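Our numbering puts the first residue of the sequence shown at 8, with every later residue one more than the last.
Worksheet: the structure to be examined is printed underneath.
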Amino acid sequence: MAEPAPVRAARPNVAEYTVSELSAQIKRSLEQGFGHVRLRGEIAGFRGPHSSGHCYFALKDEKAKIEAVIWRGVFQALRFKPEEGLEVVVTGKVTSYPGSSKYQIVIDTLEPAGAGALMALLEERKKKLAAEGLFAPERKRPLPFLPRVVGIVTSPTGAVIRDMLHGFTERFPTSVLVWPVRVQGDTCAREVAAAIRGFNALQPDGQIARPDVLIVARGGGSLEDLWGFNEEIVVRAVADSAIPVISAVGHETDWTLIDLVADARAPTPTKAAEWAVPKYSELSERIEDLTRRMRHSSRRRLEEMRARLIASARGLPRPADLLALPRQRFDAVQARLSRGLIAFTQAHGHRLARIAVRLSPR
């Protein structure tokens, strides 16, 4: 008995895809359905930049997370670099990565989620570096009294460098070296750290002499504007510097992490120049004042010694008193000697007279 022919299942009325085709279709659907989005979340699992220059991490909130990637060109242009735990707001394109069947956001811009997020990051970084002892008071070094060379790390244009250079003209003659850097933006921290290391690499007796003191200066600005001076690379460059560093970043009410690690913190760049080099007229006045004090002190010392000598002399006997008794004894001896000599002469005279009588003829 012949077996019945197998019944062919009815072909369902659905499209058939290869895996690659379906992955590509999902990718297109995501990109067309969302386009560019603005997304807020906390950075988690940060990895990068890799040797390729790309960065990978996830953005998460309390209920979900989405993978994220920043390509090399975008990462290099970022004003704020992503860090673990930082809450950020990003813009980018939602897409998928077919190789692992997951969706992700390719980031174009990244900013901290407000000043609160920056302050939280700043406090966390401050605690970390303080725990390493980088802000310890015993690390602070005294500034040189009369530096031969002053190194300035700042922007080569603007009011800050003009005011500082003008201030140096009124002070004790010194050489000034300016290492130009960007004081704001994504390359600020790298350039400032490189300048500090570059000054330290100079030799004291080289063609370009190594500075005796450094000033890192910038005008005032917002927390975001000054952020480059909160970067760890800058803090560690100052901590490793063999040259004393004066921080003059922002106004007196501003503060950054470089202020905590520097050997001195000036309220303004102009004040930093005053601290680094004394004013010629002030130095002359100080020398004159010290000279007057020295003369007055010497004169007072001599007067004190003269008074002590006079007081000591009062307790000593007068020379006449010391010689009175010996002189009296001398006079008495002299008188006895005279009387004895007279008596001796008279006695011998009488004796000779008696002898003469006996010898005379009768």
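Where a beta carbon is used, it is the ideal one built from N, C-alpha and C, also for glycine.
The model shown is predicted, which means the values in this text are computed figures rather than measured ones.
Taking the alpha carbon of residue i as the reference point, which residue from the options has its own alpha carbon closest?
i: alanine 196; options: Ala122, Lys88 and Ser108; result: Lys88
i: threonine 275; options: Ala75, Gly55, His303 and Ala224; result: Ala224
i: glycine 192; options: Ala331, Gly92, Leu267 and Gly228; result: Gly228
i: valine 76; options: Gly99, Ala84 and Glu145; result: Gly99
i: serine 59; options: Phe41, Leu66 and Arg79; result: Arg79
i: leucine 273; options: Gly40, His57, Thr25 and Ala255; result: Reading off the sequence, residue 273 comes out as alanine, not leucine. The shortest Cα separation from alanine 273 among Gly40, His57, Thr25 and Ala255 belongs to Ala255.
i: isoleucine 250; options: Asn207, Pro211 and Ala279; result: Asn207
i: isoleucine 73; options: Pro56, Arg86 and Ser108; result: Ser108
i: alanine 202; options: Pro163, Leu172, Ser319 and Met171; result: Pro163
i: valine 199; options: Asn237, Leu230 and Pro324; result: Asn237
i: leucine 46; options: Glu292, Ser36 and Asp68; result: Asp68
i: threonine 116; options: Arg146, His43 and Gly235; result: His43
i: alanine 279; options: Arg293, Ile159 and Arg189; result: Ile159
i: leucine 172; options: Pro324, Arg204 and Ile222; result: Ile222
i: arginine 2; options: Arg189, Leu359, Asn20 and Lys34; result: This structure does not reach residue 2, given that the chain is present from 8 up to 369, and the question cannot be answered.
i: valine 245; options: Arg204, Gly235, Asp212 and Glu118; result: Arg204
Which residues in the same chain as residue i place their Cβ atom closer than 6 Å to its Cβ, once the five residues preceding and following it in sequence are excluded?
i: isoleucine 168; result: Thr161
i: glycine 257; result: Gly227 and Leu233
i: alanine 216; result: Val156
i: glycine 235; result: Cys195 and Ala196
Just the C-alpha distance for residue i and residue j, rounded to the nearest angstrom, thanks.
i: arginine 243; j: glycine 121; result: 26 Å
i: arginine 313; j: glycine 322; result: 15 Å
i: leucine 309; j: leucine 150; result: 37 Å
i: glycine 106; j: leucine 136; result: 40 Å
i: isoleucine 50; j: alanine 84; result: 19 Å
i: glutamate 281; j: valine 157; result: 12 Å
i: glycine 174; j: glycine 140; result: 34 Å
i: histidine 61; j: alanine 283; result: 43 Å
i: aspartate 247; j: arginine 302; result: 45 Å
i: glutamate 239; j: leucine 129; result: 10 Å
i: leucine 344; j: leucine 366; result: 33 Å
i: threonine 194; j: valine 220; result: 24 Å
i: threonine 25; j: alanine 31; result: 10 Å
i: glutamine 214; j: tryptophan 186; result: 16 Å
i: glutamate 131; j: alanine 138; result: 11 Å
i: glycine 347; j: leucine 316; result: 48 Å
i: glutamine 353; j: alanine 339; result: 21 Å
i: arginine 307; j: leucine 297; result: 15 Å
i: serine 304; j: glutamate 311; result: 10 Å
i: glycine 55; j: arginine 146; result: 33 Å
i: serine 319; j: proline 144; result: 52 Å
i: lysine 286; j: glutamate 295; result: 14 Å
i: leucine 330; j: arginine 300; result: 46 Å
i: leucine 332; j: isoleucine 349; result: 26 Å
i: proline 326; j: arginine 336; result: 16 Å
i: serine 36; j: alanine 127; result: 38 Å
i: histidine 355; j: proline 368; result: 22 Å
Pull up the CB-CB distance for residue i and residue j, whole angstroms please, since I reckon it's below 8 Å.
i: valine 101; j: glutamate 38; result: 7 Å
i: aspartate 270; j: valine 252; result: 5 Å
i: glycine 267; j: phenylalanine 142; result: A small fix is needed here, since residue 267 is leucine in this sequence, not glycine. Confirmed, about 4 Å.
i: proline 394; j: threonine 176; result: Absent from the structure is residue 394, since the part of the chain shown begins at 8 and ends at 369.
i: leucine 264; j: lysine 133; result: 6 Å
i: phenylalanine 53; j: glutamate 91; result: 5 Å
i: aspartate 170; j: threonine 260; result: About 19 Å; that fails the 8 Å criterion.
i: glycine 48; j: leucine 29; result: Not a contact, Cβ separation roughly 28 Å.
i: isoleucine 114; j: valine 81; result: 7 Å
Near residue i, which residues of its chain fall below 7 Å by C-beta distance, leaving aside the five closest residues on each side in sequence?
i: leucine 290; result: Phe179
i: tyrosine 104; result: Gln111
i: leucine 230; result: Ala122 and Leu125
i: arginine 293; result: none
Strictly under 7 Å for the Cβ-Cβ distance: is residue i near chain C by that measure?
i: lysine 286; result: This model lacks chain C altogether; it includes just one protein chain.
Between residue i and the rest of its own chain, which residues show a CB-CB distance below 8 Å, the 5 nearest in sequence each way excluded?
i: proline 218; result: Pro154, Val156, Val157, Gly158, Leu184, Phe206, Leu209 and Ile250
i: phenylalanine 152; result: Pro285
Runs of beta strand (DSSP E) lying entirely within the region 164-192, each at least 3 residues, in chain order: With a minimum length of 3 residues, the continuous beta strand (DSSP E) runs that stay inside the region 164-192 are 182-187.
Alpha helix (DSSP H) runs wholly inside the region 67-141, at least 4 long, in chain order: 79-84 and 122-138
Contained alpha helix (DSSP H) runs [length at least 4] in the region 234-273, N- to C-terminal order: Listed in chain order, they are 239-247 and 264-268.
Segments of 3+ residues assigned as beta strand (DSSP E) that fall wholly inside the region 273-349: Complete beta strand (DSSP E) runs here, min 3: none at all.
Every unbroken alpha helix (DSSP H) inside the region 25-73 [4 residues or more]: 26-41
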